[in-house]
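Chains as they are written, first to last, in my numbering: chain A, 1 to 209; chain B, 210 to 418.
Yeah, the Cβ is synthetic: ideal placement off N, Cα and C, and Gly gets one too.
What follows is a set of notes on a single structure, which appears directly below.
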DNA sequence: CATATTTTTTACCATTTGGTAAAGACACGA
DNA sequence: TCGTGTCTTTACCAAATGGTAAAAAATATG
């Protein structure tokens with residue numbers, strides 16, 4: 001049972017588990033959990049289906065392994081907001097990191113998006129345990145900044161929602177974006193400029209309190 | 210073949226087709242195209258599977274019928290932007306209508322979201338034909354307003370993207386929103402206030418041109 | 001080299017799923 | 001009441017899909 005082995009994975013095990021997860025990320029992000037089949041994952045990874053089941057207990061185990069492994073990387077940019085720093089540049093930095101993640105890891109973004117849209121049936125506990133505290137902490141920091149008069153009055157929770165909504169939109173709804181704004185090579189630069197510009201305006205506007 | 214019959218559907222046909230489509234909207238929006246099964250749709254509509262296939266040619270036909278029927282309603286709020294009106298209130302009105310649609314029709318929103326995330330395999334032609342021209346027309350109107358100095362300089366295409374991203378986020382990622390901002394009865398009011406406030410700020414900010 | 005262990009393949013299986021054929025049940029006008 | 005067309009059910013089916021058993025192949029270890 002290499003899957004649950006506590007330690008010591010052989011080279012082959014590591015390489016093959018990695019290949020499987022990479023193929024699975026492709027397939028799951030493209031078709032969703034139920035839309036993905038073990039045969040597709042097998043084909044994409046260049047391995048046979050039973051061989052895949054030698055490394056993972058089943059389809060769901062692959063999905064869970066993927067989500068768990070990605071969760072930490074995915075949350076990383078949220079961990080870096082520093083209450084001591086300058087509010088505007090801290091938040092704009094966060095926006096930029098999230099945009100960069102959408103650009104560099106669209107598969108990961110869509111994997112999560114698929115899961116969430118369908119009600120997060122397999123991920124809700126993870127969200128509660130890992131995401132929620134981080135979210136709350138960041139909201140608290142932003143609220144402090146607002147209370148200190150260093151940011152205009154706005155709703156921290158919904159501000160973060162907005163950042164997620166806008167940054168992830170470019171990865172998750174890429175098919176739509178491609179139809180509406182085709183071709184552009186500098187598409188990502190323009191998107192970046194728009195999004196950061198938008199939040200800069202928002203964060204530096206005079207509070208009509 | 211009631212499915213392709215040009216005219217004259219009996220009462221029963223109309224009622225049953227409607228029941229099927231409503232059940233299918235439930236199931237497709239919850240599980241995506243491949244995740245949904247005819248048996249689920251049958252159960253949800255209180256009809257037998259073969260009876261469903263008496264009204265529709267197959268699973269895909271139901272999905273297509275749903276998407277086609279919804280497309281027009283879904284695009285409606287985009288049609289109403291008036292070049293003669295006041296730019297800020299026209300755009301904010303659009304934002305509010307989209308927020309209201311997310312609140313009132315989350316199933317429809319998620320049906321589209323599922324389709325788009327997975328690459329719009331069945332809807333891309335519709336997007337090209339129906340959505341793209343509307344999108345372009347609205348971008349042109351906004352560009353005119355900007356050229357006339359009635360709006361700050363910003364990218365019309367990405368502005369519309371932003372509106373979609375933020376408004377739809379509340380419907381499509383509801384599971385996540387629920388985890389992070391649980392309970393609130395006035396949740397929608399706060400979301401509404403935040404989103405409209407955000408775009409108002411953006412649209413009325415002094416251009417640092 | 002011989003043995004023990006890990007990895008991969010071949011050949012299956014049970015269930016689910018989209019779909020069909022054909023017989024009934026039902027509605028309704030003559 | 002009978003017949004005709006509409007609607008619904010029962011009983012299936014072939015393909016796809018997640019998964020297993022066990023043998024064969026490869027790899028490590030003494």
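| Query | Result |
| --- | --- |
| Based on Cα-Cα distance, which residue from 247(B), 404(B), 370(B), 234(B) lies nearest to residue 173(A)? | 370(B) |
| Please list, in chain order, the chain A residues whose beta carbon lies closer than 8 Å to that of residue 272(B). | Ordered by position in chain A, no residue passes the 8 Å Cβ test against residue 272(B), which lies about 13 Å from the chain. |
| What residue range is occupied by the uninterrupted alpha helix (DSSP H) comprising residue 56(A)? | Run containing residue 56(A): none; DSSP gives neither H nor E here. |
| Can you find a C-beta in chain A that's less than 8 Å from the C-beta of residue 375(B)? | yes |
| Under the assumption that residue 204(A) contacts residue 88(A) (Cβ atoms under 8 Å), give the Cβ distance between them as a whole number of angstroms. | 6 Å |
| Take residue 17(A) and list the residues in its own chain whose beta-carbon comes closer than 6 Å to its own, dropping the five residues that flank it on each side. | 55 |
| Whether or not the stretch 354–371 of chain B and the stretch 104–123 of chain A are in contact is what I'm after, with contact meaning three or more pairs of Cβ atoms, one per stretch, closer than 8 Å; do they touch? | no |
| Short of 7 Å in beta carbon distance, which residues of its chain neighbour residue 81(A), apart from the five on each side in sequence? Order them along the chain. | 90, 94, 138, 141 |
| Is there a Cβ from chain A that is less than 8 Å from the Cβ of residue 267(B)? | no |
| Ignore the nearest five residues each way along the sequence and tell me which others in residue 375(B)'s own chain have a CB closer than 7 Å to its CB. | 404 |
| Can you give me the C-alpha to C-alpha distance between residue 359(B) and residue 293(B), rounded to a whole angstrom? | 12 Å |
| Which bits of chain B does residue 272(A) rub up against, with CB to CB less than 9 Å? | Because chain A is modelled from 1 through 209, residue 272(A) falls outside the range shown and cannot be assessed. |
| Going by Cα to Cα distance, which pick from 23(A), 59(A), 169(A), 144(A) is closest to residue 326(B)? | 169(A) |
| Please name the residue in 25(A), 21(A), 130(A), 148(A) whose C-alpha comes closest to that of residue 78(A). | 130(A) |
| Just to confirm my understanding: we take residue 143(A), look at its own chain, exclude 5 residues before and 5 after, and list those with CB closer than 6 Å. What are they? | 156 |
| Determine the burial state of residue 176(A): buried for a count of at least 16 other Cβ atoms within 10 Å of its Cβ, exposed for fewer. | buried |
| Rounded C-beta distance between residue 266(A) and residue 123(A)? I'm assuming under 8 Å. | This structure gives no information on residue 266(A), because the portion of chain A shown stretches from 1 to 209. |
| Using a C-beta cutoff of 8 Å, does residue 323(B) count as contacting chain A? | yes |
| Using 8 Å as the threshold, is the C-beta distance between residue 240(B) and residue 280(B) below it? | no |
| Is residue 215(B) close to chain A? Criterion is C-beta to C-beta, closer than 8 Å. | Residue placement at residue 215(B) is flagged as unreliable, the pLDDT there being 42, under the threshold of 50; the coordinate-derived value follows with that caveat. Output row for residue 215(B): interface = no. |
| Can you give the Cα-Cα distance for residue 40(A) and residue 52(A), rounded to whole angstroms? | 11 Å |
| Pick out the complete alpha helix (DSSP H) segments inside the stretch 229–299 of chain B, 4 residues or longer, and give them in chain order. | 247–254, 258–264, 268–288 |
| With DSSP as the reference, label residue 125(A) as helix, strand or coil. | helix |
| Between residue 238(B) and residue 232(B), what straight-line distance do the alpha-carbon atoms span, to the nearest angstrom? | 10 Å |
| Three-state secondary structure (DSSP) at residue 114(A)? | helix |
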